[in-house]
Structure formats: C-alpha cells, structure tokens
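Residue numbers (our numbering): 2 to 151.
Ideal placement from N, C-alpha and C gives every residue a C-beta, glycine not left out.
For clarity, every value in this text was computed on a predicted model and none was experimentally measured.
Contents: one structure, followed by commentary.
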Amino acid sequence: MDKQKTNGEDKLRIKKEQQIKVIGMHCATCVSTVTKAVTKVNGVEDAKVNLATGDARVFGSNLKLKEIVKSIRNSGYDVATQKLVGKININPEEVSKLKNYVESIDGVIEANISANGLIKVEFNPLALSLNEIITKIKEKGYNVNIIEKE
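Structure (structure tokens):
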C-alpha cells in the first residue's frame with residue numbers, strides 16, 4: 002500500500018497485481034515486446050514477464066485488465082482467457098448496471114449482456130473461476146444458466 006499526497010490530502014492507493022498467461026512468447030525479444038506493451042497501459046506501474054512460464058505479472062494501483070489484454074494482443078501475442086456464455090433473466094433497464102458490476106469483478110476482462118438476457122464474460126482464469134463469477138452474479142440476484150464455456 003502506498004501513501005500519496007494529493008492537494009495536501011493523504012490518499013491511500015492499494016497496489017494490485019494481475020498474473021496473465023501470455024501465448025506466443027519464444028525469446029528474449031518477445032519478453033521485451035510484451036513488457037513494453039504492458040507498461041504503456043495507464044495504471045500499470047511495473048511488469049515482470051517470464052519467458053519460461055509464459056506469465057506476465059502486472060502491478061499497479063488502477064489496473065484495467067481489458068486495456069492490458071488489448072495492448073498485449075496489439076503487440077502480436079495472445080492471452081489465455083476463458084469465456085462464459087449464459088442466459089439470465091434481466092429487465093432491459095438493469096443491463097447496464099449489471100454489466101458495470103461484472104466488469105468491476107477482479108479478473109474479468111470484458112462483459113456483454115444483451116437486453117434479452119444473453120451474457121458473455123471473458124475472464125482471466127489465473128485470477129477467477131467460472132464458479133466465482135456465477136456466485137458473484139447470484140449475489141446480485143440473478144441466476145445464470147450456462148450455455149457454453151470455453
């Protein structure tokens with residue numbers, strides 16, 4: 002935890018860490034490319050990329066996993082993710098609120114929910130499991146019927 006001063010006020014910033022499995026790295030240049038791609042993302046303060054394990058450990062106080070994954074993919078590599086496709090009963094006016102909630106879950110990369118209740122969630126399996134996502138959605142009062150998992 003870092004303590005920073007902003008306009009005379011003390012503000013606590015909690016550093017977070019995300020571990021991501023990067024696909025397609027084969028050499029030291031790959032590691033350098035992924036490291037540069039990740040550290041360019043706003044909110045990322047440091048990154049440790051390991052060629053042997055294929056892991057990228059990303060550190061920062063305001064990590065946006067969606068932006069980190071996008072940057073890695075734009076640099077020519079891929080990220081190991083899992084997807085949940087399901088059906089939920091939801092009122093159309095609640096879609097945006099639930100989407101924002103699901104995307105705020107640590108480890109979720111992106112969530113899409115249609116007005117007819119189709120939900121698609123891409124997530125980092127090193128940070129979150131399918132059951133954890135379903136449990137968190139149930140805590141908000143929605144049941145997810147899984148159609149497909151990748």
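- Message: Taking the straight line between their C-alpha atoms, what separation do you get for Thr136 and Gln20?
- Response: 22 Å
- Kindly provide the ranges of any alpha helix (DSSP H) runs that are 4 or more residues long and lie completely inside the stretch 57-112, ordered along the chain. 66-75 and 96-105
- Query: If you follow the beta strand (DSSP E) that Ala128 is part of, which residue opens it and which one closes it?
  - Reply: Where Ala128 is concerned, there is no enclosing beta strand (DSSP E), given that its DSSP letter is neither H nor E.
- Task: Please check the pair Val70 and Ile110, which I expect to be a contact at CB under 8 Å, by giving their CB distance rounded to whole angstroms.
- Result: 5 Å
- Item | For Thr34, the nearest candidate out of Gly44, Asn43 and Val23 (CA to CA) | Val23
- Query: How is Lys17 classed by DSSP in three states: helix, strand or coil?
  - Reply: strand
- Message: For Ile148, count the other beta carbons within 10 Å of its own beta carbon; 16 or more makes it buried, fewer makes it exposed. Which is it?
- Response: exposed
- Task: Please report the Cβ distance between Val57 and Val39, rounded to the nearest whole angstrom; I am assuming they are in contact, meaning their Cβ atoms lie under 8 Å.
- Result: Note that residue 57 corresponds to Ala in the displayed sequence, not to Val. Sure, about 6 Å apart at Cβ, within 8 Å.
- Just mark Gly55 as buried or exposed, buried being the case when its beta carbon has 16 or more other beta carbons within 10 Å. buried
- Query: Relative to the C-alpha of Leu66, which residue among Ala112, Asn90, Pro93 and Leu52 is closest?
  - Reply: Ala112
- Item | Assumed close pair Gly108, Ala128 - CB separation to whole angstroms, cut-off 8 Å | 3 Å
- Query: Quick one, which of Ser130, His27 and Leu64 has its alpha-carbon nearest Gly77's?
  - Reply: His27
- For Asp79, which option in Ile91, Asn125, Asn144 and Val86 has the closest C-alpha, if you only look at C-alpha atoms? Asn125
- Lys137, DSSP secondary structure in three states: helix
- Could you give the residue range of the beta strand (DSSP E) that holds Val45? Val45 to Asn51
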